[in-house]
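Trainee:
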Amino acid sequence: MNKYTLFRLTGTLLLGVALATSGCSTITGSNGYGTRTSYAIDQDTQTARMLWDSIRATDSLDNTHINVDVYNGFALLTGQVGTEAQKAQAGELATHLNGVRHLRNELSVEPNSSTQQRLQDTWITSRVKARITASNHINSDRVRVLTENGTVYLMGMVRASEADYLVRLVSQTSGVKRIVKAFEYLGV
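Just so you know, we're using my numbering here: the sequence shown kicks off at 16 and counts up by one.
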């Protein structure tokens, strides 16, 4: 099991548990347009954990680097696998999992990324999140930002105009090679 991915998943789960048990809630705009309920957040966390467990329990997916993210039932797989068959197998596990309404399989068939690349990706993600928060154009709690090999993945529930704004904002961040919109569009 990849230590970085395990650390990332564990940290996310611990943060979610801490927020859920402390009575905290997200403060949004006056109407909460595009926000998830605490139930939806919990369901996404459980779905991601079940998918992660399924991937780790599959022997043929050993020695791969697979990240699992779920936002409002939209699952995103990123990372690296050795073969197209492994990519397809990970996708099949996701599509058959209760709680996954839509899958975006962005796994690439190539050697696993280096620790240095993953640190660079973390740095890019931090800068992108800071830019979104500072912009005051969209509530940053409605957008999830992930970076893999210089590709920034944007998830969340947004309007089309907000998605366009976010892409313009992210494209101005150094180190970004590509931007992938994995949004659920509101008002469509």
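Don't be surprised by glycine CBs; every beta carbon is placed ideally from N, CA and C.
A quick note: this is a predicted structure, and the numbers were derived from the prediction, not measured.
(1) According to DSSP, which residues form a beta bridge with N82?
(2) Take R119 and list the residues in its own chain whose beta-carbon comes closer than 6 Å to its own, dropping the five residues that flank it on each side.
(3) Would you call the CB atoms of N82 and G94 closer than 9 Å?
(4) Just to confirm, are M170 and Y54 a CB contact at a threshold of 9 Å?
(5) How is G106 classed by DSSP in three states: helix, strand or coil?
(6) For S128 versus E99, is the C-beta spacing smaller than 9 Å?
(7) With the cut-off set at 9 Å, would you say H117 and E199 are in Cβ contact?
(8) For A55, which of helix, strand or coil comes out of DSSP?
(9) Have a look at L181, S176 and A175 and flag the residue whose alpha-carbon is nearest the alpha-carbon of Y168.
Mentor: Considering the structure as presented:
(1) Counting from 1 along the sequence shown, the entry for residue 82 is found at position 67. In DSSP, N82 forms a bridge with T93.
(2) For the purposes of this step, residue 119 is taken as residue 104 along the sequence shown, with counting starting at 1. Closer than 6 Å at Cβ, skipping near neighbours: L91 and A197.
(3) If you number the sequence shown from 1, residue 82 lands on position 67. If you number the sequence shown from 1, residue 94 lands on position 79. In contact: N82 and G94 (Cβ atoms closer than 9 Å).
(4) Indexing the sequence shown from 1 puts residue 170 at position 155. Indexing the sequence shown from 1 puts residue 54 at position 39. No, Cβ-Cβ distance for M170 and Y54 is not below 9 Å.
(5) As a first step, residue 106 must be located in the sequence shown, where it is residue number 91. In the structure shown, G106 sits in a helix (DSSP, three-state: H, G or I).
(6) In the sequence shown, counting from the first residue as 1, residue 128 sits at position 113. In the sequence shown, counting from the first residue as 1, residue 99 sits at position 84. No, the Cβ-Cβ distance between S128 and E99 is not below 9 Å.
(7) Position 102 of the sequence shown, counted from the first residue, corresponds to residue 117. Position 184 of the sequence shown, counted from the first residue, corresponds to residue 199. Contact: yes.
(8) Position 40 of the sequence shown, counted from the start, is the residue given in the question as residue 55. A55: helix per DSSP, three-state reduction.
(9) By one-based count along the sequence shown, residue 168 stands at place 153. If we check each option's Cα against that of Y168, L181 comes out closest.
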